[in-house]
Amino acid sequence: MRSLYDLICWFEGLEGVMVAFSGGVDSSVLAAAARLALGDAAVAATVESELQSEADLANARSVAAEIGIEHLVLEVGLLEDEGVCENLSMRCYLCKRAMAKRLLDEARKRGIKVVVDGTNASDRAEDRPGMRALSEAGIRTPLRDLGMAKEGVREMARDLGLSCADRPSRSCLATRIDGPLSHERLGRVEAAEDILPLGSRISDRGDLVEVKLPAGERLSEDAVAGLKRLGYRKVVTAG
């Protein structure tokens, strides 16, 4: 079984590296290993867009500070892409392609030749069109290269003492929305999840919102009232 030492060794010999950094467990372990291997020659970069929640950005800043790695926040306007805005089946590919370009442009300015992403061996390529965009852009995936699966990565995060070790995986806000995206709908989804228990997930279907709660949690009357204040006329729970 591969170890943190193996991951650190993956980076040795590089002159520098940029880690695509979400603040989730995969990219955080990757950033920590890069920092241990390369010191100040490793940087973490979070691409900030309309599809990312403020809570996730705040978490990324916090975890980067824990690791002690230089942290960049790079802005990109994803809703400017018609395919993204219409929330088509290729949205994830288009998003990742735009994000990859932003990362590579910044890396090039800094003289960094290698950009890495936290895709792990548990991620199925056929389920992740965004992985194809990263591969086409030349962004590398050390965790996947080394055969490191999700639970092993979480164990490394615990060994490193990272606060995100047991943080649930979170996809972008667009995955919660059926139909076209807008600043208003994305903002409403973010506000909705802020009033629900941690780990909850919603599906925005216009006037109707479906809520999937973590095991053992119940949807309170106050939460239902809060969702309706956001403009949802009907609130249902998923099994």
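Here the sequence shown is numbered in this note's numbering, starting from 83 and rising by one per residue.
Every residue gets a Cβ at the ideal spot worked out from N, C-alpha and C, and that includes glycine.
Cβ-Cβ distance between residue i and residue j below 8 Å
i      : j      : result
Ala119 : Glu152 : no
Glu188 : Leu154 : yes
Ala137 : Thr128 : no
Glu162 : Pro262 : no
Leu295 : Glu148 : no
Asn202 : Arg240 : no
Asp289 : Arg315 : yes
Gly121 : Gly200 : no
Leu186 : Val198 : no
Met181 : Leu86  : no
Arg184 : Leu156 : yes
Cβ distance (whole Å) where residue i is taken to contact residue j below 8 Å
i      : j      : result
Val235 : Val111 : 5 Å
Gly281 : Pro250 : 5 Å
Ile194 : Val99  : 7 Å
Continuous alpha helix (DSSP H) stretch holding residue i: start and end
i      : result
Asp328 : With the chain represented from 83 up to 321, any question about residue 328 goes unanswered, as that position is not in the structure.
Val111 : 107–120
Asn141 : 136–149
Local conformation of residue i per DSSP, three classes
i      : result
Leu255 : helix
Leu280 : coil
Val158 : coil
Val99  : strand
Ser285 : strand
Arg249 : coil
Arg311 : helix
Val196 : coil
Glu272 : helix
Residue i beta carbon near the ligand NAD (any heavy atom closer than 7 Å)
i      : result
Ala182 : Inclusion of the ligand NAD in the displayed structure is not the case, the ligand content being empty and no account of it being possible.
Run of the beta strand (DSSP E) containing residue i, from where it starts to where it stops
i      : result
Glu130 : 124–130
Ser316 : Rather than Ser, the amino acid found at residue 316 in this sequence is Lys. Counting along the chain, the beta strand (DSSP E) containing Lys316 begins and ends at 316–319.
Glu292 : 290–294
Buried or exposed (CB count within 10 angstroms, at least 16 for buried), residue i
i      : result
Ala140 : exposed
Val125 : buried
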